[in-house]
Each structure stands twice: as C-alpha cells, then as structure tokens.
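Colleague: Encoded as structure tokens, here's the structure I'll be asking about.
There are 2 protein chains.
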Amino acid sequence: MRASDLAYQSLRSDIMEGTLSPGSVIVEVEQSERLGVSRTPIREAISRLLSDGLAEPAPGRGVIVAPISLENVYSLFELRVSLDCTAAALAAGRGDATRFMRLAERFKQAAAILAAGQGNIAEYYALVDELDTAIDAAAANRYLYQVQLTLRTQLTRIRKLSKTNPVRLAQAADEHAQIARCIASQDAQLAEAATRLHLANALFAIEEAAASQEQHGLFEVAAHP
Amino acid sequence: MRASDLAYQSLRSDIMEGTLSPGSVIVEVEQSERLGVSRTPIREAISRLLSDGLAEPAPGRGVIVAPISLENVYSLFELRVSLDCTAAALAAGRGDATRFMRLAERFKQAAAILAAGQGNIAEYYALVDELDTAIDAAAANRYLYQVQLTLRTQLTRIRKLSKTNPVRLAQAADEHAQIARCIASQDAQLAEAATRLHLANALFAIEEAAASQEQHGLFEVAAHP
DNA sequence: CCCTGAAATTTTGTATACAAATTATTGCTT
DNA sequence: AAGCAATAATTTGTATACAAAATTTCAGGG
C-alpha cells in the first residue's frame, strides 16, 4: 500500500474517532513523525482530507481539523433531504423490487428487536448502510453518489455529538422499513415522501437529544487550545 | 502567488478551453517543464483537479483529463434538478425580494434583445452567473454551495459539446426571468416549479442540438491518441 | 507469426534538503 | 508597563534526488 494511502486512512480515522479533535491544527512534521512517513505523502493525505471536508484551511495557521457543531445540522439536512429524496425516487424507478422487499423485512425484524431493548446498535447501523448501498446502486447516478459519500461522512461526525435515544432507534428502523417498501413498490413519489418524513423525524430527534444533553451540561465540543 | 495555485489555474483553464483534450494523460514532468515549476506543485494541482472531477485516475496510466460525453448529461441533470430546485426554494424563503425583481427585469430585457438576434452571448451568460450567485447567497447553505460549484464546472464543459440554438437562448432568458420573479414572490413551491420547468426545457434543447449536430456529422469528441 | 518473458525506459511515489513566509519571542523605547 | 521592532524559531512551499512500479520494447522460442 502506498504511504499516502496509509496516511490518509490513518488521519481520516483519527479525525472520525476524535483522536484529532476538531479545530486542532494538523502539523505536517508532527504527523510525519507519528506515522513514520515523510512529509510528501502527509501533504497528499491532507489535500484529500480537505476535499472530504474533514479538514479546513485556516488563515495563517495551516490546516485544521474541520470543526463540528450542531449549528451546521440544518444546512446539512437541507442538502440531505434533497439528495436522499432524489436517490429514493430514482431507486423506485430503477431498482430491483425484491431486493428492497427483503431489506424492508429485515428492518421490520430489527425494529422489533430494538423495541424490545436488546438490539445491537452497530449491527443496526450496518443494516442502514446496506439500504444506503442498495439505494445508491439502484439510483445508478455516479455524480449523486459522489456527493452522498462526502455528505455521509459529515453526518457521521455530527451523529456522534448527540447520543441517540434507543426508543428513537426502533422508530427509525420502522421508517427505514417503510422507505424500503415504498421503493420496492416502484412509486417514486411515495418513496420520496417516506424519505422526507424519515428525515424530518431524524432531525427532530437530533434537536431533542441536543436539548436534553444541553440541559444536563453534557454538550461540549472542545477544540484543543 | 504560490506555484501550485498557478499550476492549478493553468491546468484547469487548459482543460476547460480544450487545450488539454479529454482522455489525454497528464504527465507530471511534461506539465512541470511546460509551466516552469517542479513536480511537487504540479502534483498538488492534479490532486485538486481530481477533486473537481476535471481529472480522473486511470488504471495504470496515471491520471487523465476527465472525458466528457453527452451520455453523462442525464445523470448530471438528475442531480442538477435536485440541487437547483432546492436552492430556488430556499432562496424564495430567505432571499431579498427586490434584488430578484431587479434581476427578473434584466432578464426580460435580455430576452427581448436576444429575440431580436442582436444579443451578446457572453454578456448573457454573465447575467445567468449573477442570478446563480444571488440564489447561492440567498440559499445561504455552504454545503449546497460547495456541490453547486463542482456541478457547474461539469455543466460548463458539457455545454461546449453542443452549440446552443440562438432561439433557445431567448427562451431561456424568459425562463430565468420567470425563476427570478418566482423567487421574489417568496413562494418556495413556485420557485421550484419554475426551476424544474426551465431545466426540463434546457435538457430538451441539449438533446435537440445534439441530434441535429449528429445529423450534420459535427458531433465528435476526440480523445488524443 | 504469435506468444512469452526479460530487460530497458518511462512514470509515478517518497524522502530530504533548502527557501520563503509567518508566527512567536525578546528586548528596547517611550 | 505597554507598544513596537527586530530577530529567532516554526512551519509551510518548492525543488530535486532517489526508489519503486509499471509499461513498453525487443529478443527468443514455440
């Protein structure tokens, strides 16, 4: 594997995990020594992070890890609604119905398990990924797909800011089942409606979680000094 | 100015102008000597072109200038409809009405001039840019804006593939006036409808132009040997 | 004549040295 | 003590040398 790929993946996961905290500057030599490669591949990795939106040029201070805050969540969701609805509508027109029916079934099962309070969260998110992948494939639009990828990394970062309510998770599983079913029905407008509804609920849940965390004083997004 | 910025702008415009033809490989040393800088800034410029979608990694052959073809136009427009409609709707909800009214007036004038067959095309496109900029500003969504920028560079490249019919241009100016008016009216759904209509017409015009050019044997997208 | 394979050449990937720019620090002056 | 200036120290930007990978070319055998 190329050193620049290694550096990219390493830095990327460090940012995602929070090892590199938002707002902290990424110093080339520091990372170069830490990862055991020269500055050249580090620079290439950083430029990829910039285009991912995981790093930002800071005026005079080089590049910093892109800050996250719930203030962005509305902008992010405006874009997300647009793209996810389009993707769902396209998938409804082009997708393989049986594949989405099967996914709908699995989401229904997942919803039941989560409602019983014994769900594995990671497993559930993996299922969501499967649905996303199926939709991407069915939508068959490489430009749309490209944008979705970068949007999702932003959403993943945001998601970690507020702990998701387990009750909400079961509800979300139901909504995903609904989306899959609507796509399987090949009705583009219906698929779009289900998606729009789901995203509205998701945003509302985020707002609620944030409010409750703020209340308990748990809402802190530290940037390194 | 940094050498990498110079290299980026130079390569970018070379690709846009067609000096570097689609499909041709971008050889680092070659460009390095041509532009009088070392390979390092060239590599950085190339990585920016990659994230712009103006260059593509080619398996084993390094990177090539991204090919263009009208086959992409449908995928591109699917995304464009989604984004432009969202932007128009947001702008209707947030924008300064008088600013869009003024733009609508100018488009009406432009339409009259173009219909009379004495319009300056570059001037017209500049006006379109102004509208786009106004919408971007009013939509006030940095994530959406970012995607629009890269989408528009793709559309600009595609546009050059088929000569636009002057009659269509006057019609398009009317449609832009309509869009501006709808945004000024602060009716999000209406703004979206006007945008959707315009894009449907634009796509149709592209198809027609392509068909007529193909007929006349003018439809050639050469890749260098 | 084509296919296989090995050498040669070209091209990309990485390391490092040096230059330029920017920030931090220190000392001086008011 | 505060502000400014000059200098020192970090940090990024660029060039270049070297290493590795891959493609092409050429030669030999089937």
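Heads up: the protein sequence lines correspond to chains E and R, in order.
Each residue of the first sequence is one higher than the one before, starting from 145 at the first, in our numbering.
Each residue of the second sequence is one higher than the one before, starting from 145 at the first, in our numbering.
Yeah, the Cβ is synthetic: ideal placement off N, Cα and C, and Gly gets one too.
1) Between which residues of its own chain and E/Leu194 is the CB-CB distance below 8 Å, once the five residues before and five after are set aside?
2) From the DSSP output, read off the bridge partner residues of E/Val169.
3) What first and last residue would you give for the alpha helix (DSSP H) that runs through E/Pro185?
4) Identify every residue that forms a DSSP beta bridge with E/Ala199.
5) Rounded to a whole number of angstroms, what is the C-alpha to C-alpha distance between E/Ala314 and E/Thr339?
6) Only counting the same chain, and skipping five residues up and downstream in sequence, which positions put a Cβ closer than 7 Å to that of R/Leu227?
7) Put E/Leu305 into one of helix, strand or coil per three-state DSSP.
8) Thinking C-alpha only, which one of R/Pro211, R/Gln253 and R/Ala232 is nearest R/Ser168?
9) In three-state DSSP terms, what is E/Asp149?
10) Anyone know if the C-beta pair for E/Ala335 and E/Ala241 falls short of 8 Å?
11) E/Arg246 to E/Glu222, Cα distance in whole Å?
12) Taking 8 Å as the CB-CB cut-off, is R/Thr308 touching chain E?
13) If you measure between the beta carbons of E/Leu198 and E/Thr297, is that distance less than 8 Å?
14) For the alpha helix (DSSP H) containing E/Glu222, list its first residue and its last residue.
15) Indicate the three-state DSSP secondary structure (helix, strand or coil) for E/Ala366 in the structure shown.
16) Does chain E have any CB closer than 8 Å to the CB of R/Tyr287?
17) For a quick check, are the C-beta atoms of E/Ala321 and E/Ala231 less than 8 Å apart?
18) Note down, in chain order, every chain R residue with its Cβ under 8 Å from the Cβ of E/Leu234.
19) I need the DSSP call for E/Gln262, collapsed to helix, strand or coil.
20) Examine chain E for any beta-carbon lying closer than 8 Å to the beta-carbon of R/Thr230, and answer yes or no.
21) In terms of residues, what are the limits of the alpha helix (DSSP H) holding R/Leu313?
Modeller: The structure says:
1) Glu200, Pro201 and Val207
2) Residue pairing of E/Val169 in beta bridges, as defined by DSSP: E/Ile208.
3) Counting along the chain, E/Pro185 sits inside the alpha helix (DSSP H) bounded by residues Arg183 to Asp196.
4) E/Val209, per the DSSP bridge assignment.
5) 16 Å
6) Leu288, Val291, Gln292 and Leu295
7) DSSP places E/Leu305 outside both helix and strand once states are collapsed to three, so it counts as coil.
8) R/Pro211
9) helix
10) No, the pair does not count as a contact, with Cβ atoms beyond the cut-off.
11) 29 Å
12) no
13) Result yes, Cβ atoms of E/Leu198 and E/Thr297 sit closer than 8 Å.
14) Val217 to Arg238
15) Residue placement at E/Ala366 cannot be trusted, given a pLDDT of 42 that sits under 50; the coordinates are not used to answer.
16) yes
17) no
18) Glu222
19) coil
20) yes
21) Pro310 to Ala328
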